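To start, the structure itself, in structure tokens.
Residue numbers (the working numbering): 2 to 422.
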């Protein structure tokens, strides 16, 4: 049930990605007058072209043991799934140092329960959102395959499966033949896989458009193609937002601008460590026969998502700063990996003009920033979800709504504090 908005208690959300829209969704249900500002028309961005995974299976943070060694192995390969653009940037170097420190086993094990909590919370909430706004974004609850070419990789995935079960997740261990039975229409070549049965997938573009439409119909004001130029502050409060279309006064403000979070935070005198990790994807509109299950191709460091006859392939983690330049070789690498796992897929190398890229915001420990900032009494931050924006979006929105409205959050939030670095 959506309450009538309380005009004297307003919240302005800067950023129309999934975290921003989900925050607006839960706030408007609490009766807040909500405005969403975005520099685009909210029809693109990192929340649109991703793989659409709802993945409680991804409970291991990106900052984990071996991540740096693996990155160095790939760094000179133009078609590799990992790339760092050489540059002398003090913020990037500082971020890298903290990322390295947080990749230790003991830190990872401390962070896993927190990541698991928000992933499982979000997974449950997405079912409730579907019931509320309608089954209009292609949500399928059939799980996700973690596919392995090499036995060594498969054995590692089996260890993760045991850990997943301890966290309450349901898994199924599959041989190569078992996987082929799940994909009877397309030849598959793998040693084995783990099916994470609690995972689901959606069409992220349809979700974003459906959510925006629902919010508009329920009183949320959208100011799209509006750039934020700065802020007017008074003591410990942000009084108004200065945009290229004028000033907007607000009682509360949420920063949810993805990879641009450090840029906007700096206008408030706040330093946040966060780096954009570019991902690539391409969507085939008509693939027949097509695969049936979404999958992470573990050895290939890429992923595939089917929606009936549509197929999206994607992946890579490219640290090149805030730039949208496409390195075509990265897409070639994704395509080759997919064909190695699925030689039966009748797909061709994607054309240059159809490639999508998005900048995924990565924190130094792989956990998001969620919560208030002590510099201002009415400032709240949501960001740093890396490759888990869709998976964590609903939970992030609910947690921020609870904080702003004075409710007890559903999970413990200390690990997500924006000021932890």
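All C-beta atoms, glycine included, are put in the ideal place defined by N, C-alpha and C. Everything numeric in this text was worked out from a predicted model, so none of it was measured.
| Query | Result |
| --- | --- |
| Would you identify the three-state DSSP class for residue 370, choosing helix, strand or coil? | strand |
| Could you tell me the alpha carbon to alpha carbon distance between residue 43 and residue 203, rounded to whole angstroms? | 18 Å |
| On the DSSP letters alone, give me the boundaries of the alpha helix (DSSP H) that residue 212 sits inside. | 205-218 |
| Taking DSSP's pairing of strands, which residues face residue 141 in a bridge? | 202 |
| Would you be able to state if there are at least three C-beta pairs under 8 Å between the region 9-28 and the region 255-267? | yes |
| State the CB to CB distance for the pair residue 294 and residue 143, rounded to an integer number of angstroms; the pair is presumed to be in contact (CB under 8 Å). | 6 Å |
| Among 368, 332, 82 and 149, which has the Cα closest to the Cα of residue 174? | 149 |
| Using alpha carbons as the reference points, say which of 328, 326 and 335 lies closest to residue 316. | 335 |
| Where does residue 63 land, buried or exposed, given buried means 16+ other C-beta within 10 angstroms? | buried |
| Is the distance from the Cβ of residue 329 to the Cβ of residue 189 below 7 Å? | no |
| Can you tell me whether residue 483 is helix, strand or coil according to DSSP? | Residue 483 is absent from the model: the chain starts at 2 and stops at 422. |
| Quick one: residues in its chain with C-beta nearer than 8 Å to the C-beta of residue 270, no 5 flanking neighbours on either side, listed in chain order? | 376 |
| If you compare alpha carbons, which of 33, 29 and 285 is closest to residue 1? | Given that the chain is displayed from residue 2 to residue 422, the structure contains no residue 1 and the question cannot be resolved. |
| Quick check: residue 25 and residue 221, are their CB atoms within less than 7 Å of each other? | yes |
| Go ahead and pull the three-state DSSP assignment for residue 302. | coil |
| Tell me, which residues are paired with residue 246 by DSSP? | The partner list for residue 246 (beta bridge, DSSP) is empty, contrary to what the question assumes. |
| Go through the region 251-313 residue by residue and report every complete run of the beta strand (DSSP E) that reaches 3 residues or more, in order. | 253-256, 276-285, 296-298 and 303-308 |
| Should residue 151 be labelled buried (16 or more other beta-carbon atoms within 10 Å of its own) or exposed? | exposed |
| Just the Cα atoms here: how many angstroms apart are residue 414 and residue 210? | 29 Å |
| Quick check on the burial criterion: 16 or more other C-beta atoms within 10 angstroms. Buried or exposed for residue 201? | buried |
| Inspect the beta-carbon positions of residue 126 and residue 395 and report whether they are closer than 7 Å. | yes |
| Return the Cβ separation of residue 217 and residue 223 in integer angstroms, given the expectation that the two are a contact with Cβ distance under 8 Å. | 6 Å |
| Ends of the alpha helix (DSSP H) at residue 390? | 390-405 |
| Determine, using beta carbons only, whether residue 325 and residue 28 come nearer to each other than 7 Å. | no |
| Residue 228 lies in the beta strand (DSSP E); which residues open and close that run? | Taken as a continuous stretch (DSSP letters only), residue 228 belongs to no beta strand (DSSP E), as it is neither H nor E. |
| What residues in its chain sit with their C-beta under 6 Å from that of residue 250, if we drop five residues either side in the sequence? | 241 |
| Using DSSP's beta-bridge definition, name the partner residues of residue 362. | 277 |
| Less than 7 Å separating the beta-carbons of residue 304 and residue 147? | no |
| May I ask you to list the residues that DSSP assigns as paired with residue 149? | 193 |
| Considering only residues of the same chain and omitting the five flanking positions on each side of residue 13, which have a CB-CB separation below 7 Å? | 36, 38, 242, 249, 251 and 254 |
| Threshold first: 4 residues or longer. Then list the alpha helix (DSSP H) segments lying entirely within the region 44-130, N to C. | 68-75 and 91-103 |
| Could you tell me which residues DSSP pairs with residue 383 in its beta bridges? | 371 |
| List the residues that DSSP assigns as beta-bridge partners of residue 174. | 195 |
| Could you give the distance in angstroms between the alpha-carbon of residue 2 and the alpha-carbon of residue 332? | Note that residue 2 has pLDDT 49, beneath the 50 cutoff, so the model's placement of it is unreliable and the number below is only indicative. Approximately 44 Å, taken between the alpha carbons. |
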